[in-house]
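Asks: Below you will find the structure I want to go over with you.
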Amino acid sequence: MTRLSTAALQTAMKYDVLANWEINKLCNLNCEYCFVSRKRRRSPAYAGHRVETIVDAFNGSGLVWLIHMSGGEPFLQPYFVELCKELTKKHYISINTNLSTPNVNDFADTIDPRKVAFIHCSLHIDERQRINGLEAFTEKYHLLEDRGFKTCASQVMYPPTLKNFEPTFNRLRENGIAVSPKTFRGHYHLKNYPSDYTQKERNLIQQFQRHDHSHDSIFLFGNLSFTGLMCDAGKDFVVISYHGIVRRCFGDPTSLGNIFQGKIKLLRRPELCPANICTCPYFGLRFAHGNYKVVKETRLNAARYCISKLTQTALEHLGLPRSPNG
Ligand code: SF4
Ligand code: SF4
Numbered sequence: 000m001t002r003l004s005t006a007a008l009q010t011a012m013k014y015d016v017l018a019n020w021e022i023n024k025l026c027n028l029n030c031e032y033c034f035v036s037r038k039r040r041r042s043p044a045y046a047g048h049r050v051e052t053i054v055d056a057f058n059g060s061g062l063v064w065l066i067h068m069s070g071g072e073p074f075l076q077p078y079f080v081e082l083c084k085e086l087t088k089k090h091y092i093s094i095n096t097n098l099s100t101p102n103v104n105d106f107a108d109t110i111d112p113r114k115v116a117f118i119h120c121s122l123h124i125d126e127r128q129r130i131n132g133l134e135a136f137t138e139k140y141h142l143l144e145d146r147g148f149k150t151c152a153s154q155v156m157y158p159p160t161l162k163n164f165e166p167t168f169n170r171l172r173e174n175g176i177a178v179s180p181k182t183f184r185g186h187y188h189l190k191n192y193p194s195d196y197t198q199k200e201r202n203l204i205q206q207f208q209r210h211d212h213s214h215d216s217i218f219l220f221g222n223l224s225f226t227g228l229m230c231d232a233g234k235d236f237v238v239i240s241y242h243g244i245v246r247r248c249f250g251d252p253t254s255l256g257n258i259f260q261g262k263i264k265l266l267r268r269p270e271l272c273p274a275n276i277c278t279c280p281y282f283g284l285r286f287a288h289g290n291y292k293v294v295k296e297t298r299l300n301a302a303r304y305c306i307s308k309l310t311q312t313a314l315e316h317l318g319l320p321r322s323p324n325g
């Protein structure tokens, strides 16, 4: 298959809306910093919807989508390669994956790379080492690259991981994989990250970032805020939950309908950002109009976060719905 340059790939993609879609919640790994609860990560009830249901939903909207599939682990969706084949007849896709399942090879052999914006391969090194999967990760990564897919790799800079990451980072670099260090945004031992990274930790992350062209160096000192600025989220970008609920973004929970029920109404023009913190700053940087502020987290927010996690767990035990990504 002819390999296309990144620029050629992006120029060729003409779509109406970018969607960040939670395709499933099922996952075979157990990362400590995961947003999906342990119970749901192992529940076949959250493996994903039927191929026909999904394809009809996106096709029935009358729009051309760039569907960014996130999970869970998208490759665990039943008939995932068949789903990608069907979706890419009219739409474009991109994928967040842990690159740990055998059907990655089938995907590489079947799907047209010109329909795939990128494949973001998350290393999750602690889990990868537990399953002895570093070599398989490297092989699959290079297979996708060789078939012409635009690939990138990243590792969350979770405080316990950060201390021992350097040898793996160097080994992968020697093998032609430049791992982007992703700033950890969350709480660990009642500290708030990224605000509570020590200077030593920041220096280490910045050392890894020397070879990196992503936005993550911006997030190293706090969260981003675009409050009060116009943002195209809801018009050019939406988030779609596992159950099909379409929202403007992670920071603005206003519902714009449900794609599986064939009822969505996107915004017609940019609107003000109502969120104190942009919890999806990659999208904020792309869709908000104007300059961001860096906001430091407080101890009060850490306590609130812990209470919210406990509440979410209690709701799950009672079988009641939790917030998306909770
Ligand atoms: S690979 Fe992703 S979805 Fe799976 S446990 Fe890790 S963070 Fe969660
Ligand atoms: S800046 Fe971020 S939080 Fe605000 S509306 Fe845009 S995407 Fe949502």
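Just so we're aligned: 48 in numbering that gives the first Met the number 0 is position 49 of the sequence shown, and the numbers increase by one with no gaps anywhere.
No residue lacks a Cβ here, since even glycine has one placed at the ideal position from N, Cα and C.
Please tell me whether, using a cut-off of 6 Å, the distance from the CB of residue 287 to the nearest non-hydrogen atom of ligand 4 is below it.
Replies: This structure lacks ligand 4; its bound ligands are ligand 1 and ligand 2.
Asks: Is residue 32 helix, strand or coil by DSSP?
Replies: Reduced to three states, the DSSP call for residue 32 is coil.
Asks: Assuming residue 19 is part of the beta strand (DSSP E), what are its boundary residues?
Replies: Unbroken beta strand (DSSP E) run through residue 19: 16–21.
Asks: Quick one, which of 246, 169, 187, 13 has its alpha-carbon nearest residue 203's?
Replies: Selected option, being the one with the closest Cα: 169.
Asks: Would you mind giving the Cβ-Cβ distance between residue 180 and residue 147, rounded to the nearest angstrom? I have them listed as a contact below 8 Å.
Replies: Not really, about 26 Å apart at Cβ, beyond 8 Å.
Asks: Does the beta-carbon of residue 78 have 16 or more other beta-carbons within 10 angstroms, so that it is buried, or is it exposed?
Replies: Under this definition residue 78 is an exposed residue.
Asks: Measuring CA to CA, which of 75, 105, 244, 50 is closest to residue 18?
Replies: Of the listed residues, the one whose Cα sits closest to residue 18 is 244.
Asks: Could you pull out every residue in the same chain whose Cβ sits closer than 6 Å to the Cβ of residue 289, ignoring the five residues on either side in sequence?
Replies: Excluding positions up to five away in sequence, the list reads 228.
Asks: Among 117, 109, 97, 153, which residue has its Cα nearest to the Cα of residue 135?
Replies: With distances taken between Cα atoms, residue 135 lies closest to 97.
Asks: Using the beta-carbon count (16 or more within 10 Å), is residue 37 buried or exposed?
Replies: Exposed: under 16 other Cβ atoms inside 10 Å.
Asks: In terms of residue numbering, what span does the alpha helix (DSSP H) encompassing residue 52 cover?
Replies: Where residue 52 is concerned, the enclosing alpha helix (DSSP H) stretches over 50–59.
Asks: With C-beta atoms as the reference, is residue 226 less than 7 Å away from residue 272?
Replies: The answer is yes: Cβ separation under 7 Å.
Asks: Quick one: is the Cβ of residue 28 within less than 6 Å of any heavy atom of ligand 1?
Replies: Yes, the Cβ of residue 28 comes within 6 Å of a heavy atom of ligand 1.
Asks: Relative to ligand 1, is the shortest distance from any of its heavy atoms to the C-beta of residue 334 smaller than 6 Å?
Replies: With the chain running from 0 to 325 in the structure shown, residue 334 is simply not present.
Asks: From residue 224 to residue 270, what does the alpha carbon distance come to, in whole angstroms?
Replies: Cα to Cα, the separation comes out at about 15 Å.
Asks: How about residue 81 and residue 50: do their beta carbons lie closer than 7 Å?
Replies: Yes, Cβ-Cβ distance for residue 81 and residue 50 is below 7 Å.
Asks: By DSSP's criteria, residue 172 is part of a beta bridge. Which residues make up the other side?
Replies: Answer is none; residue 172 lacks a bridge partner.
Asks: At a cut-off of 6 Å, is residue 251 close to ligand 2 when judged by its beta-carbon and the heavy atoms of the ligand?
Replies: For ligand 2, at least one heavy atom lies less than 6 Å from the Cβ of residue 251.
Asks: Pick from 192, 230, 172: whose alpha carbon is nearest that of residue 209?
Replies: With distances taken between Cα atoms, residue 209 lies closest to 172.
Asks: The beta strand (DSSP E) that contains residue 135, what's its start and end?
Replies: Careful: residue 135 lies outside any beta strand (DSSP E), inside the alpha helix (DSSP H) at 133–145.
Asks: Runs of 3 residues minimum, wholly inside the region 155–213: which ones carry the beta strand (DSSP E) assignment?
Replies: DSSP runs (the beta strand (DSSP E)) wholly in the region 155–213: 178–181, 185–187, 190–192.
Asks: To the nearest angstrom, how far is the alpha carbon of residue 260 from that of residue 56?
Replies: Roughly 8 Å between the two C-alpha positions.
Asks: Decide if the region 141–159 is in contact with the region 104–119; the criterion is three or more beta carbon pairs, one per stretch, under 8 Å apart.
Replies: At 8 Å Cβ cutoff, the stretches touch.
Asks: List the residues that DSSP assigns as beta-bridge partners of residue 245.
Replies: Partner(s): 239.
Asks: Along the chain, where does the alpha helix (DSSP H) that runs through residue 79 open and close?
Replies: Per DSSP, residue 79 belongs to the alpha helix (DSSP H) from 79–86.
Asks: Taking 7 Å as the threshold (C-beta atoms), are residue 277 and residue 250 in contact?
Replies: Taking 7 Å as the Cβ cut-off, residue 250 and residue 277 qualify as a contacting pair.
Asks: Kindly list the residues whose CB is nearer than 8 Å to the CB of residue 211, restricted to its own chain and excluding five residues on each side of it in sequence; keep chain order.
Replies: Around residue 211: 177, 179, 180.
Asks: Could you compute how far the alpha carbon of residue 193 sits from the alpha carbon of residue 216?
Replies: Distance between the alpha carbons of residue 193 and residue 216 is about 11 Å.
Asks: Go to residue 117, then tell me how far its beta strand (DSSP E) extends in each direction, as first and last residue.
Replies: That run of the beta strand (DSSP E) goes 115–121.
Asks: Residue 64: which of 40, 237, 24 sits nearest, CA to CA?
Replies: Measuring from the Cα of residue 64, the nearest candidate turns out to be 237.
Asks: Rounded to a whole number of angstroms, what is the C-alpha to C-alpha distance between residue 207 and residue 145?
Replies: Taking the straight line from one Cα to the other gives about 25 Å.
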